Every structure is written in structure tokens, then in C-alpha cells.
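Step one of this worksheet: look at the structure below.
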Amino acid sequence: MIQLVVACHGRFAEELVNSAAMVFGEAEGVHAVTFMPGEGPEDLIRKYEAIIAATGSADDVLFLVDLFGGSPYNAAIRVVAPTAKADVLSGVNLPMLLELLDSRDEKSTVADLVASAYNASFEGTKAFRNALPTAAAAVAPAEAAPVVDRRAGRPTSGHMQIPLLRIDSRLIHGQVASSWAKIVKCDAIFAISDEVAQDELRSKLLLQVAPAHLQAYVISVDKAIKVWHNPMYADRKVLWLVTKPGDIVRLIEGGVDIKKVNVGGMTHREGCKLISQAVAIDADDLAAFKKLNEMGVKMTLQQLPTNAEEDVMPKLANIQF
1 MIQLVVACHG RFAEELVNSA AMVFGEAEGV HAVTFMPGEG PEDLIRKYEA IIAATGSADD
61 VLFLVDLFGG SPYNAAIRVV APTAKADVLS GVNLPMLLEL LDSRDEKSTV ADLVASAYNA
121 SFEGTKAFRN ALPTAAAAVA PAEAAPVVDR RAGRPTSGHM QIPLLRIDSR LIHGQVASSW
181 AKIVKCDAIF AISDEVAQDE LRSKLLLQVA PAHLQAYVIS VDKAIKVWHN PMYADRKVLW
241 LVTKPGDIVR LIEGGVDIKK VNVGGMTHRE GCKLISQAVA IDADDLAAFK KLNEMGVKMT
301 LQQLPTNAEE DVMPKLANIQ F
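Written out as C-alpha cells, the structure is:
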């Protein structure tokens with residue numbers, strides 16, 4: 001039988017599975033996966049792989065996640081990519097889960113369940129007073145865009161604007177796409193990581209969840225330095241994302257002008273210590289933060305634009321490795 005793995009931010013998955021049990025009754029092969037502050041995609045992957053190892057074939061799994069492009073989604077994609085049949089479905093809700101529990105049997109395939117889930121989710125959306133559209137409005141086909149030489153009229157001196165440089169282990173995700181990109185009014189996003197730039201699947205996932213109206217790039221640290229020094233991009237306003245403070249040291253040493261850093265989220269790894277609910281650092285990170293402080297860089301903890309800024313350095317005062 002197909003295993004259903006419900007994975008959402010916070011404890012929503014647990015409560016969704018509990019709610020389904022109240023309506024449908026207890027069911028086998030349904031697994032709730034939480035995603036808590038301080039955790040990252042690697043933690044989710046370990047949880048997913050543990051479920052698969054305990055239940056059997058990796059092909060006979062359907063992941064039900066809350067947000068398209070969120071960490072539960074991205075981690076699930078990395079798990080199902082090597083398989084032939086497993087799939088990931090975003091937008092999980094109670095009607096969807098109940099339909100899957102009711103329609104699932106020994107003969108069901110993942111493809112069958114995906115179709116059933118989609119229909120149930122759509123049909124389960126009703127309004128008491130206001131009529132809802134029965135289908136998406138038709139959109140006229142767009143005219144072909146004219147071919148433009150993007151080099152024409154470009155600046156010949158200067159550097160691009162960096163309205164925000166943020167440390168975030170997840171790089172591009174919901175908080176960045178829906179909040180920070182809007183606040184800073186950028187026209188492009190750089191996800192800067194040597195490791196991720198070499199990983200085709202992770203790069204593809206990041207580009208997939210970037211806001212549609214923004215250009216997004218996954219590049220190495222050296223590539224970011226090279227682009228910074230290219231005056232052709234001096235008219236661009238680009239949000240820069242890195243995964244660790246050590247990469248910012250490299251950027252500055254490469255000539256990039258950085259005066260302020262937003263420390264948003266660094267997931268916990270073995271040997272790390274927490275300096276906030278969302279930021280865990282190791283000895284290398286601590287040394288890099290101190291180096292940045294010596295370079296005159298202001299560093300503030302701020303997970304969301306609505307949160308108050310907190311100076312990073314006092315948080316490091318009693319951290320020892």
C-alpha cells in the first residue's frame with residue numbers, strides 16, 4: 001500500500017493527521033513529519049529516509065506538504081528524485097487527506113492518488129455566500145517578446161546595488177520570496193554557495209521557488225565576486241543570499257563592498273551551538289563572525305522583516321568551542 005507522508009511547517013502535520021483520524025478513523029501507512037525552528041532540509045531528509053527504511057519501497061510513497069517551494073517540499077523532492085514513481089504534492093489540506101485515506105487500497109498507484117487528491121482539494125473549497133469560479137479565467141496568449149541586446153546602453157562603470165545580504169541556510173524559500181524580496185524591492189536574487197552551485201537538483205529547486213517576476217541565479221562565491229566587479233550590472237538591484245559567514249569574508253576579501261549583514265537562519269548541525277532560535281553556529285562560523293566584526297561589518301539577527309533587529313556580537317560573547 002502507498003505510504004502517505006504528511007510534512008508541514010511546525011506541528012501542523014501532526015494535527016492534520018489527528019484531525020483526519022477523528023473523521024476517518026485510525027489508518028495505517030500515514031506518517032506526520034514536523035519541521036521546527038532550528039531544523040533544516042537535511043533534518044527533514046533524515047526523517048523521510050527513516051520512514052522509507054522502516055516501511056519498504058521508496059517508490060510507494062506520496063509526500064503531502066504544505067507549501068510549494070518550502071523546506072518540506074524541497075527536501076521531499078531530493079528524496080523522490082532518484083525513484084521511479086514516488087511523488088510530492090503541495091497544498092495539503094483535510095479534504096485532500098481524507099480523500100486519499102478513503103480511495104487508497106492495495107491496487108492504488110501514486111499517480112492514481114495524486115489525481116484523487118487534486119480533485120478533492122479543489123472540490124473541498126466552498127463559500128457559503130459568495131460564488132467561486134469553476135475554472136481559471138482564460139488568458140490571452142502573450143505576444144512574442146522582441147529580441148533585445150541586453151548589453152546595449154548598459155553602464156560602463158560602477159557596481160550593482162545590494163539592498164540586502166542575508167545569511168540563510170535555505171537560501172531561496174518562502175520567507176525570502178514573499179517577504180524580503182518585496183521589502184527591498186530588488187530585481188534579482190543571487191543564491192551564493194559553492195556546494196549548491198555544483199548540485200544540479202538543489203539549484204533547480206531554488207530557481208523553481210523564486211518569485212516569477214524576479215531573475216534568480218545560483219552561483220559560486222568566485223562567480224559572485226566576478227559579477228560584482230563587472231560594470232555591466234551596475235544598474236541592477238540584487239538581493240544576495242549566502243549560507244554561512246565564511247563566504248561573506250571571502251566576498252569582502254574579493255573586493256565586494258559589504259557594510260551590513262542580515263543573519264536570518266542557520267540550521268543546526270552536529271557540533272553547533274544556538275545563538276538564537278533560528279541560528280546555530282560552529283567554530284568556523286564564530287571565527288568568521290569575529291572577522292567580519294573586525295572588518296567593520298554590522299551584523300544583525302532578524303528572521304522576518306517584522307522582527308526587531310538584534311546585534312549579533314553580544315550573542316557570541318559567551319560562546320566557546
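Residue 112 in full-length UniProt numbering sits at position 112 of the sequence shown; the count goes up by one each step and never skips.
Every residue, glycine too, gets a C-beta built ideally from N, C-alpha and C.
All values derive from a computational prediction rather than experimental measurement.
- [ ] Give the single residue among 319, 83, 170, 124 whose Cα lies nearest to the Cα of residue 110.
- [x] Checking every option, the nearest Cα to that of residue 110 belongs to 83.
Task: Closest residue to residue 288 among 214, 187, 94, 251 (Cα-Cα distance) - done: When only C-alpha atoms are compared, the closest one is 251.
TODO: Would you give the residue range spanned by the alpha helix (DSSP H) that residue 78 belongs to?
DONE: Unbroken alpha helix (DSSP H) run through residue 78: 71 to 80.
Open item on the list: Using the Cβ count rule (16 or more neighbours within 10 Å means buried), how would you classify residue 367?
Closed with: It is not possible to answer for residue 367, since the shown part of the chain is limited to 1 through 321.
- [ ] Can you check DSSP and say which residues form a bridge with residue 90?
- [x] 65.
Task: Whole-angstrom distance between residue 3 and residue 126, CA atom to CA atom - done: Just so you know, the alpha carbons of residue 126 and residue 3 end up roughly 29 Å apart.
- [ ] Give every residue of the same chain whose Cβ lies closer than 8 Å to the Cβ of residue 304, excluding the five residues on either side of it in the sequence, and list them in chain order.
- [x] If we look at residue 304 and ignore the five residues flanking it on each side, its Cβ neighbours are 175, 179.
Open item on the list: With a threshold of 8 Å on Cβ separation, who are the neighbours of residue 219 within its own chain once the five nearest residues in sequence on each side are excluded?
Closed with: The answer, listed in chain order, is 190, 191, 192, 197, 227.
Open item on the list: Check whether the stretch 4 to 17 and the stretch 95 to 114 are in contact - that is, three or more C-beta pairs closer than 8 Å.
Closed with: Look at the beta carbons and you see the stretch 4 to 17 touching the stretch 95 to 114: at least three pairs across the two are nearer than 8 Å.
Task: Endpoints, the beta strand (DSSP E) within which residue 298 is located - done: Boundaries of the beta strand (DSSP E) harbouring residue 298: 298 to 301, taken from the DSSP string.
Open item on the list: Pull the bridge partners of residue 260 from the DSSP assignment, please.
Closed with: Looking at the DSSP assignment, residue 260 forms a beta bridge with 298.
Task: Rounded separation between residue 38 and residue 244 - CA only - done: If you draw a straight line from the Cα of residue 38 to the Cα of residue 244, it is about 15 Å long.
Task: Other residues of its chain near residue 186: CB distance less than 8 Å, five sequence neighbours each side excluded - done: Taken in chain order, the residues that qualify are 163, 164, 214, 237, 238, 239.
TODO: Taking the CB atoms as reference points, tell me whether residue 94 and residue 188 lie closer together than 8 Å.
DONE: For the 8 Å CB-CB criterion, residue 94 and residue 188 do not form a contact.
Task: Cβ pair residue 97, residue 62 closer than 8 Å - done: No, they are not a contact pair.
Task: Unbroken alpha helix (DSSP H) run spanning residue 47, endpoints - done: Residues 41 to 55.
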